[in-house]
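Here's the structure, in structure tokens; my notes come after.
In the numbering used here, the protein residues as written are 41 to 221.
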């Protein structure tokens, strides 16, 4: 018989903070992506040209990295608090975040010269604001994953892995909006 009770960490009041943060993140990114879509509708030629300067190989590779990192985070949430496997999984998730960061910075370095100019100003501003805001969340989340791996408590693991999945979800929605639509 399958145990249908909630995970004990999700019964604690601390999880309320994770859900409030998660939903606020989704709302903030929803607003940014909504602005991106509206601006793209109003300036289709500029946004098409801007997207034409983006190399899809970087975000595709970053998608694989974040999905793998999310898998590590999910595994960490399943292990007993403080177990060596849990720490390893948390560090694996953090390593994925830092790999994502490295790829993203490399991508930016190639795009900066291509996305300058008045014609692409709105696209460039929204592109770097949206993806940069996400990148800051990835970096911060990676650092928190390391701290939690150092001193894992069930509640902290549940909170950071929940937020890490929100960061993943944001990327999975952001990818088609920014790079494809």
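Where a beta carbon is used, it is the ideal one built from N, C-alpha and C, also for glycine. These numbers come from a predicted model, not from an experiment.
| query | Relative to the C-alpha of residue 166, which residue among 91, 56, 62 is closest? | reply | 91
| Taking the C-alpha atoms as reference points, what is the distance between residue 86 and residue 93? | 11 Å
| said: Could you give the first and the last residue of the continuous alpha helix (DSSP H) run that contains residue 91? | reply: 84-92
| query | Do you know how far the Cα of residue 172 is from the Cα of residue 158? | reply | 20 Å
| residue 43 to residue 108, Cα distance in whole Å? | Because the pLDDT at residue 43 is just 45, under 50, the model does not fix this residue reliably, and the value given afterwards should be weighed accordingly. Cα to Cα, residue 43 sits roughly 27 Å from residue 108.
| query | Who are the near neighbours of residue 121 in its chain, counting only those whose CB is closer than 7 Å to its CB and skipping five residues on each side? | reply | 192, 193, 194, 197
| Counted within 10 angstroms of its Cβ, other Cβ atoms place residue 211 as buried (16 or more) or exposed | buried
| With a CB to CB cut of under 6 Å and the five nearest residues on each side skipped, what residues in its chain are close to residue 224? | The structure shown does not extend to residue 224, since the chain is modelled only from 41 through 221, so no value can be given for it.
| query | Between which two residues does the alpha helix (DSSP H) harbouring residue 122 extend? | reply | Per DSSP, residue 122 belongs to no alpha helix (DSSP H) and is neither H nor E.
| query | Secondary structure at residue 77, three-state DSSP: helix, strand or coil? | reply | helix
| Thinking just about the alpha-carbon of each residue, which of 131, 220, 103, 100 is nearest to the one in residue 115? | 131
| field | Where the alpha helix (DSSP H) through residue 172 begins and ends | value | 161-190
| request: Let me know the secondary structure DSSP gives residue 157 once reduced to three states. | output: coil
| residue 217 beta carbon less than 9 Å from that of residue 77 | yes
| message | Using a 10 Å radius around the Cβ and a threshold of 16 neighbouring Cβ atoms, would you call residue 118 buried or exposed? | response | exposed
| message | Is the beta carbon of residue 99 closer than 9 Å to that of residue 147? | response | yes
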